[in-house]
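J.:
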């Protein structure tokens, strides 16, 4: 009986793991699209025109670009399939940073982003050193602190 | 006193654990609905929401609350004491 119990407990624990968790494959640390930014710290922000918090994050991203743009590259990746909606969004929410389009979601899939928006900070070699899902203005100081920490770690990066 | 036989107790325990295992198996089936976070453009459209007219729903809730002296039952927080 104890053996049966432990067997069933192990089964339950296995089932409790997310069914869609994908094993880490042998992938290069940086996607081709972001290769031009290798050698710099990059703040990648996934956005979409239908995502309300994404709209709230754009003015903040502009601020970050102004403050840290010389030390970190901010890249916003739009995942809209609808080109018109994306253009309308960008017209309404002007950006002072680089904007890429990912209508197929290939880049989002590559980094398995958990939510919209999702922000990643990549080090100079393209490794993800920070990520957070969502954008809450009340947590902006926390996000900024992650940027500062990344910049501060520049000396430690091999 | 009607004590359960050891065999029955064992089967009950095995049955409970097996039911839990089956429950866990079934619940993991909902962990992936097939739509990734970046593919929710259609789902986020106003006409795809469970409540397509939030103002009307709020008005209905208020009427219900006033007439029945109770609230809740439609996802509204609060008790049914009529005191809020």
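Protein chains in written order, with our numbering: chain A, 473 to 630; chain B, 92 to 175. Ideal placement from N, C-alpha and C gives every residue a C-beta, glycine not left out. The structure presented is a predicted model; accordingly, all values stated were derived computationally and were not measured.
Which residues in the same chain as residue 558(A) place their Cβ atom closer than 7 Å to its Cβ, once the five residues preceding and following it in sequence are excluded?
T.: Excluding sequence neighbours, residue 558(A) sits near 521, 550, 552, 573.
J.: Can you tell me the Cα-Cα spacing of residue 609(A) and residue 527(A), whole angstroms?
T.: 11 Å
J.: Say whether the region 533-542 of chain A touches the region 135-147 of chain B, bearing in mind that this needs 3 or more beta-carbon pairs closer than 8 Å, one atom from each stretch.
T.: no
J.: With a threshold of 8 Å between beta carbons, is residue 551(A) in contact with chain B?
T.: Yes, its Cβ sits closer than 8 Å to a Cβ of chain B.
J.: Quick one: complete beta strand (DSSP E) runs, 3+ long, within the region 546-578 of chain A?
T.: 570-573
J.: Just the C-alpha distance for residue 206(B) and residue 581(A), rounded to the nearest angstrom, thanks.
T.: Residue coverage of chain B in this structure runs from 92 to 175, which leaves residue 206(B) outside it and unanswerable.
J.: Less than 8 Å between CB atoms is the rule here; does residue 532(A) satisfy it with respect to chain B?
T.: no
J.: To the nearest angstrom, how far is it from the Cα of residue 555(A) to the Cα of residue 158(B)?
T.: Each residue's alpha carbon lies about 49 Å from the other.
J.: Does DSSP put residue 591(A) in a helix, a strand or coil?
T.: strand
J.: Taking 8 Å as the CB-CB cut-off, is residue 140(B) touching chain A?
T.: Output row for residue 140(B): interface = no.
J.: Measuring only between beta-carbons, confirm whether residue 132(B) sits less than 8 Å from chain A.
T.: Cβ-Cβ to chain A under 8 Å: yes for residue 132(B).
J.: Please list, in chain order, all residues of the same chain as residue 586(A) whose beta carbon is under 6 Å from its beta carbon, the five residues on each side excluded.
T.: 605
J.: How would you call residue 545(A), buried or exposed, if buried means at least 16 neighbouring beta carbons within 10 angstroms?
T.: buried
J.: Compare the C-beta of residue 606(A) with all C-beta atoms of chain B and state if any pair is closer than 8 Å.
T.: no
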